[in-house]
Amino acid sequence: MKPKLLFGIGSLCLVLAAAPRDIVAQEVAATSPRVTVSGIVYDTLSGKPVPFAIVRVVQTDSSTLTDRRGRYEVRLNVGNWRLEFRQIGYQLASETITITGERAELDVYMSPLAVALAPVLITDTAESRATRIIRRAIGRKNDVLSRIHDYSYDAYVKLVITDLAKNQDSVDAVFLITETETTAYWEQPDRYQEVITARRQSSNLSAEENLVSVGQIVNFNRDRIDLQKYSVVSPTADDALHHYTYYLVDSLTVNGRKAFRLAIVPNTDGAPLFAGMIDIADSTYDVLTIDVGVNEAVRFDFFGNLRYRQRLRDYGQDHWMPSEIAFSGEVRFGIPIPGIPRQLRFQHTASLSDFRFDEGNMPSTLDQFVVVVDDRADNLDSAAWNDRRATSLSLVEQRAYARIDSASNAPLTFGRRVAGVAQLAVLLATDPNFFHFNRTESAYLGAGWVFREFTPSVTLPVKLGYSFGREKWQYQFGAQFRISADRGLWVGGAYRNDVVRSPAIVSSSYNPTFIALVVKLDPLDYYHEQGFTAFVSGRITNHSRLELRYNEFDQKKIPLVTDYSIFNFKEIIRENPPIVDGRLRSLSATVMYDSRPMLRQQGRDYRFNSLTYTRVSAGVEYANPDLVPNDFAFGRYFVGVRRRQRTFNWGLTTIDAYAGVSSGHLPTQRYFNVDYGKGAFFEEGGFSTMHETNFYGNRAAMIVVSHNFDRMLFQKSGIPLIKKIPFTLAVHTGWFWTDFVDHDRNPGDELLARAPRAYSEVGFGIGNLTPFLSPLNLAVYFSWQLSSYATEGVQFRVGVPTP
28 MKPKLLFGIG SLCLVLAAAP RDIVAQEVAA TSPRVTVSGI VYDTLSGKPV
78 PFAIVRVVQT DSSTLTDRRG RYEVRLNVGN WRLEFRQIGY QLASETITIT
128 GERAELDVYM SPLAVALAPV LITDTAESRA TRIIRRAIGR KNDVLSRIHD
178 YSYDAYVKLV ITDLAKNQDS VDAVFLITET ETTAYWEQPD RYQEVITARR
228 QSSNLSAEEN LVSVGQIVNF NRDRIDLQKY SVVSPTADDA LHHYTYYLVD
278 SLTVNGRKAF RLAIVPNTDG APLFAGMIDI ADSTYDVLTI DVGVNEAVRF
328 DFFGNLRYRQ RLRDYGQDHW MPSEIAFSGE VRFGIPIPGI PRQLRFQHTA
378 SLSDFRFDEG NMPSTLDQFV VVVDDRADNL DSAAWNDRRA TSLSLVEQRA
428 YARIDSASNA PLTFGRRVAG VAQLAVLLAT DPNFFHFNRT ESAYLGAGWV
478 FREFTPSVTL PVKLGYSFGR EKWQYQFGAQ FRISADRGLW VGGAYRNDVV
528 RSPAIVSSSY NPTFIALVVK LDPLDYYHEQ GFTAFVSGRI TNHSRLELRY
578 NEFDQKKIPL VTDYSIFNFK EIIRENPPIV DGRLRSLSAT VMYDSRPMLR
628 QQGRDYRFNS LTYTRVSAGV EYANPDLVPN DFAFGRYFVG VRRRQRTFNW
678 GLTTIDAYAG VSSGHLPTQR YFNVDYGKGA FFEEGGFSTM HETNFYGNRA
728 AMIVVSHNFD RMLFQKSGIP LIKKIPFTLA VHTGWFWTDF VDHDRNPGDE
778 LLARAPRAYS EVGFGIGNLT PFLSPLNLAV YFSWQLSSYA TEGVQFRVGV
828 PTP
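Sequential numbering from 28 applies to the sequence shown in our numbering.
Structure below.
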């Protein structure tokens, strides 16, 4: 099974999806020496919750923050405790609570300071003192980091996901637990790799899907913290004072050292920023603790109440580094997802230890992989884990392990069997190797699998199925062998007798089965191919690969075999263009660059999904009878680029570009084809006004630019009513050209559309229309054709915006 992503915003749902759907809650009584105290802090005048207020336990000096909804939670032993509540603009509130039971509730009201006091600013105020403190802390941080060339450390990392609908102190609230031990290496300026040396997880998650590590938790030593689509200024960034105001709110002792506690207040609600507190050591100005949430400008679909905590300590040689890092938040789904609670809380914590500085022990694969899983990571038993844990599991977590394992191993009930069969059916129906439908094959049923279990050096892809429309068996089998792991060098080949797709610029990886079956929309063209291919591929640089391939195939056109659809059954289905029949023998070379980070697990390499990245592919295919006996003589050359980036913190920009040219007599099956994409739905990187028309040529060029503002355009307007608009905004535009130049016509060319003058389109989309249906949050898109082709002038589409 392909590994899942590192844990983080946007990847938590994949971790959840990996958990089986048959965990049955079992009530297990749990006791704990600590009691949860929770409540909400309110404004006495407005009655509204007070977000990011500091809640301090006086006797222990421990602190926490209220979340966006003013809620807080602390865990205390039975006895009498005094809590202090602080927030800028409010008077100090203090409450005493006696804890006797299993849980305690304490709501608090804070009184705003008199309005007349707010504008009073004197040079020697707490604010100006706080400014001096934070300036020295930033300078101190830069001084420490400037003296470090590289460092390594060990860490214990834990992820606990709980069901918010249940008592958080009970065993059956725990939905999933993962634990990992890692060792990491960092080198200037920002080279990083983490090795998972051991891992354990509750039985509702497979080992290969447990990739939880330190690297995805915020490191506030950076000037900018990347939170998916947002780039947030760190509270200790060099330019932090341009974005935050700091207030001295307390003087206290942290781990035996006198420290200043500063409140971090964003200067604007329009930009994504943090809010919370920072503890800075007196005299040395080392940062001891950071505890923050995010302001209203940071918004994620169905994620909320995100909070980051980081504690630092001196690891020798006056090097202050993180010792504890925590990332927590809530997930709320608007619609039920089988087997997953609708309201979840996650707590991702890491304990760092044994920092080693400037030893120069750089991993040989540092620039290739972000995460490497040691081959022995899954060999530890439970007893060994109990001895090695850096942080002991709570009694609730220990019993939760036993509960989940017991539920996973329990005999299947009838309901669980039905659910399992239904899930398997959905899985197979969405995999084209098992089922697909199109106008040239009708329904296809079969089986396909890629066998990787035998050895990391061998991969065996196999596929066999029956096309009911063609009334023929189709098959494909092959083998791939790894020659060198360090260079990623593979050789292999495959033989197939199958229906394949003609190249498509927009929809090369699209599975059109269900839209074709429902409403007859399928932008792809098909032909039959029988023969073999052989290849060799290897890594050129850390992010690029070269693949050389020899192809030898008999290629034949195939007719339409069905015009069936559930709806639109009277509509005439699009023809399948004819191809030039013959025997193709060609050589091809493709260079691929992909900036996304990589994982190595069980001897195999995988790419992580990444919100920002650059992907480039360039290739050539050459066929010549003078070189190898051949029915074709052509050269085909192309380059494609996708770039996705944050643009001045105004959202995500995506650029898709493609160009292709040819020489000789290019056959129809190798034409450049700008296809109409998903048709019924908006597709990023495509064109909505093309209706059901593809444009062909032996030369083509395309560029599509889209930008998703999310809510930032409204939030940064500063206009009270506009900045509260809950919807998201995206814009898109694009141009393409296709034409036949110096080309001998093939049969059927007169039926193909071409665009010798630029086809252009512009539009916008409004999203966040169905937050009550999260994670399915739809958007509507409106597109206008700026050119004058006889397709569509204006088009309306439904889609899902960029995450």
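The beta-carbon is built from N, C-alpha and C at its ideal position, and this holds for glycine as well.
Legend entry - Straight-line Cα distance separating Ser380 from Glu351: Locating residue 351 in the sequence shown gives position 324, where the first residue counts as 1. Locating residue 380 in the sequence shown gives position 353, where the first residue counts as 1. Answer to the nearest angstrom: the Cα atoms are 9 Å apart.
Legend entry - Range of the contiguous alpha helix (DSSP H) that encloses Ser197: For the purposes of this step, residue 197 is taken as residue 170 along the sequence shown, with counting starting at 1. Counting along the chain, Ser197 falls outside any alpha helix (DSSP H), and DSSP gives it neither H nor E.
Inset, instruction - Scan the segment 459-511 and note each continuous beta strand (DSSP E) run of 3 residues or more that stays entirely inside, going in chain order. - result: Look at the segment 459-511 and you find these whole runs of beta strand (DSSP E), each 3 residues long or longer: 462-465, 469-482, 485-494, 499-511.
Legend entry - Whole-angstrom distance between Ala782 and Asp608, CA atom to CA atom: Within the sequence shown, the letter at position 581 stands for residue 608. Within the sequence shown, the letter at position 755 stands for residue 782. Roughly 26 Å separates the two Cα atoms.
Inset, instruction - Please go through the same chain and pick out, in chain order, the residues whose beta-carbon is closer than 7 Å to the beta-carbon of Asn524, but skip the five residues on each side of it. - result: In the sequence shown, the residue the question calls residue 524 occupies position 497. Short of 7 Å from the beta carbon of Asn524, and not among the five residues preceding or following it, lie these beta carbons of its own chain, in chain order: Gln501, Tyr502, Gln557.
Inset, instruction - Decide if the segment 666-680 is in contact with the segment 702-710; the criterion is three or more beta carbon pairs, one per stretch, under 8 Å apart. - result: Contact between the segment 666-680 and the segment 702-710 is absent, because fewer than three Cβ pairs lie under 8 Å.
Inset, instruction - Compute the beta-carbon to beta-carbon distance between Leu516 and Gly565, rounded to the nearest angstrom, for a pair I have assumed lies under 8 Å. - result: For this step, residue 516 is matched to residue 489 along the sequence shown. For this step, residue 565 is matched to residue 538 along the sequence shown. Between the beta-carbon of Leu516 and that of Gly565 there is about 4 Å, and that keeps the pair under the 8 Å contact cut.
Inset, instruction - Drop a sphere of 10 angstroms on the beta-carbon of Ser536, count the other beta-carbons inside from all chains shown, and report buried for 16 or more, exposed for fewer. - result: As a working mapping, residue 536 is identified with position 509 in the sequence shown. Label assigned to Ser536: exposed.
Inset, instruction - Confirm, please, whether the CB-CB distance from Ser310 to Arg334 is below 8 Å. - result: Here residue 334 refers to the residue found at position 307 when the sequence shown is read from its first residue. Here residue 310 refers to the residue found at position 283 when the sequence shown is read from its first residue. Going by C-beta atoms, Arg334 is not nearer than 8 Å to Ser310.
Legend entry - Burial state of Trp347, where buried means 16 or more other Cβ atoms lie within 10 Å: On the sequence shown, position 320 is the one that residue 347 refers to. Per the 10 Å Cβ criterion, buried.
Inset, instruction - Return yes when the Cβ of Pro539 is within less than 8 Å of the Cβ of Asn465, no when it is not. - result: Here residue 465 corresponds to residue number 438 of the sequence shown, with the count starting at 1. Here residue 539 corresponds to residue number 512 of the sequence shown, with the count starting at 1. Cβ atoms of Asn465 and Pro539: closer than 8 Å.
Legend entry - Classification of His176 by the beta-carbon crowding that lies within 10 angstroms, buried from 16 upward: Locating residue 176 in the sequence shown gives position 149, where the first residue counts as 1. It counts as exposed.
Inset, instruction - Please report the Cβ distance between Pro828 and Asn735, rounded to the nearest whole angstrom; I am assuming they are in contact, meaning their Cβ atoms lie under 8 Å. - result: By one-based count along the sequence shown, residue 828 stands at place 801. By one-based count along the sequence shown, residue 735 stands at place 708. Rounded to whole angstroms, the Cβ separation of Pro828 and Asn735 is 6 Å, and the two are in contact under 8 Å.
Legend entry - Lys537 - DSSP class collapsed to helix/strand/coil: The residue given as residue 537 occupies position 510 in the sequence shown. For the record, residue 537 in the displayed sequence is Tyr; it is not Lys. Note: Tyr537 maps to coil in three-state DSSP.
Legend entry - Inter-residue spacing [alpha-carbon to alpha-carbon] between Gly128 and Val62: Within the sequence shown, residue 128 is the residue found at index 101, counting from 1. Within the sequence shown, residue 62 is the residue found at index 35, counting from 1. So the two alpha carbons sit approximately 7 Å from each other.
Inset, instruction - Compare the beta carbon distance of Arg669 and Leu638 with 8 Å and say whether it is the shorter of the two. - result: Stepping through the sequence shown from its first residue, residue 669 is reached at position 642. Stepping through the sequence shown from its first residue, residue 638 is reached at position 611. No, they are not a contact pair.
Inset, instruction - Go ahead and pull the three-state DSSP assignment for His734. - result: Counting from 1 along the sequence shown, the entry for residue 734 is found at position 707. His734 falls in the strand class under three-state DSSP.
Inset, instruction - Please confirm whether Asn700 and Tyr685 have their CB atoms less than 8 Å apart. - result: The residue given as residue 700 occupies position 673 in the sequence shown. The residue given as residue 685 occupies position 658 in the sequence shown. Cβ atoms of Asn700 and Tyr685: not closer than 8 Å.
Legend entry - Residues near Phe481 by beta carbon distance below 8 Å, same chain, minus five either side: The sequence position of residue 481 within the sequence shown is 454, counting from 1. Here the set comprises Leu487.
Legend entry - Cβ separation of Ile317 and Arg336, assumed to be a contact under 8 Å, to the nearest whole Å: Numbered from 1 along the sequence shown, position 290 holds the residue referred to as residue 317. Numbered from 1 along the sequence shown, position 309 holds the residue referred to as residue 336. Right, their Cβ atoms sit about 7 Å apart.
Inset, instruction - Round the Cβ separation of Gly790 and His770 to the nearest angstrom and send it over; I've been treating them as touching at under 8 Å. - result: Position 763 of the sequence shown holds residue 790. Position 743 of the sequence shown holds residue 770. With a Cβ gap of about 33 Å, Gly790 and His770 do not count as contacting.
Inset, instruction - Please confirm whether Ile307 and Ala164 have their CB atoms less than 8 Å apart. - result: Here the question's residue 307 lines up with position 280 in the sequence shown. Here the question's residue 164 lines up with position 137 in the sequence shown. Yes.
Inset, instruction - Return the residue from the list Asp632, Val184, Glu710 that minimises the CA-CA distance to Ala512. - result: Position 485 of the sequence shown, counting from 1, holds the residue named residue 512. For the residues Asp632, Val184, Glu710, the minimum Cα distance to Ala512 belongs to Asp632.
Legend entry - Residue range of the alpha helix (DSSP H) that includes Asp769: By 1-based counting over the sequence shown, the position of residue 769 is 742. Here Asp769 belongs to no alpha helix (DSSP H), and DSSP marks it neither H nor E.
Legend entry - Segment contact, 8 Å Cβ cut-off, at least three pairs: the segment 210-227 with the segment 259-270: Under the three-pair Cβ rule at 8 Å, the segment 210-227 does not count as touching the segment 259-270.
Legend entry - Residue nearest to Ile845 in terms of C-alpha spacing, selected from Arg726, Phe635, Trp412: Nothing in the structure corresponds to residue 845, since the chain is present only between 28 and 830.
Inset, instruction - Specify whether the segment 612-623 and the segment 645-660 touch according to this definition: at least 3 beta carbon pairs, one from each stretch, less than 8 Å apart. - result: Judged by pairs of C-beta atoms under 8 Å, the segment 612-623 touches the segment 645-660, as three or more such pairs exist.
Legend entry - Candidates Asn657, Ala780, Ser810, of which the one nearest Phe714 by Cα: The residue labelled residue 714 in the question sits at position 687 within the sequence shown. Put simply, of Asn657, Ala780, Ser810 the residue whose alpha carbon is nearest the alpha carbon of Phe714 is Ser810.
Inset, instruction - Inspect the beta-carbon positions of Val68 and Gly97 and report whether they are closer than 8 Å. - result: Mapped onto the sequence shown, residue 68 falls at position 41. Mapped onto the sequence shown, residue 97 falls at position 70. Judged by beta-carbon spacing, Gly97 lies within the 8 Å limit of Val68, meaning their Cβ atoms are closer than that value.
Inset, instruction - Answer with buried or exposed for Ala410, where buried requires no fewer than 16 other C-beta atoms within 10 angstroms of its C-beta. - result: Counted from its first residue, the sequence shown places residue 410 at position 383. Exposed.
Inset, instruction - Can you give me the Cβ contacts of Leu472 inside the same chain, cut-off strictly under 8 Å, excluding the 5 residues immediately before and after it? - result: Here residue 472 is taken as the residue at index 445 of the sequence shown, counted from 1. Phe461, Phe462, Gly492, Tyr493, Phe495, listed in sequence order.
Legend entry - Assigned exposure category for Gly745 - 16 Cβ within 10 Å defines buried: The residue labelled residue 745 in the question sits at position 718 within the sequence shown. Result: exposed.
Legend entry - Euclidean distance between Cα positions of Ile730 and Gly761: Here residue 730 corresponds to residue number 703 of the sequence shown, with the count starting at 1. Here residue 761 corresponds to residue number 734 of the sequence shown, with the count starting at 1. About 6 Å.
Inset, instruction - Examine the Cβ distances between the segment 416-431 and the segment 197-206 and report whether three or more of them are shorter than 8 Å. - result: Segments in contact, yes.
Inset, instruction - For the segment 275-291 and the segment 155-171, state whether three or more C-beta atom pairs, one from each stretch, are separated by less than 8 Å. - result: Taking a cut-off of 8 Å on C-beta distances, the segment 275-291 touches the segment 155-171, as three or more cross pairs fall below it.
Inset, instruction - Name the two residues that bound the continuous alpha helix (DSSP H) containing Ala410. - result: Translated into the one-based positions of the sequence shown, residue 410 becomes position 383. For Ala410, the enclosing alpha helix (DSSP H) has its first and last residue at 409-415.
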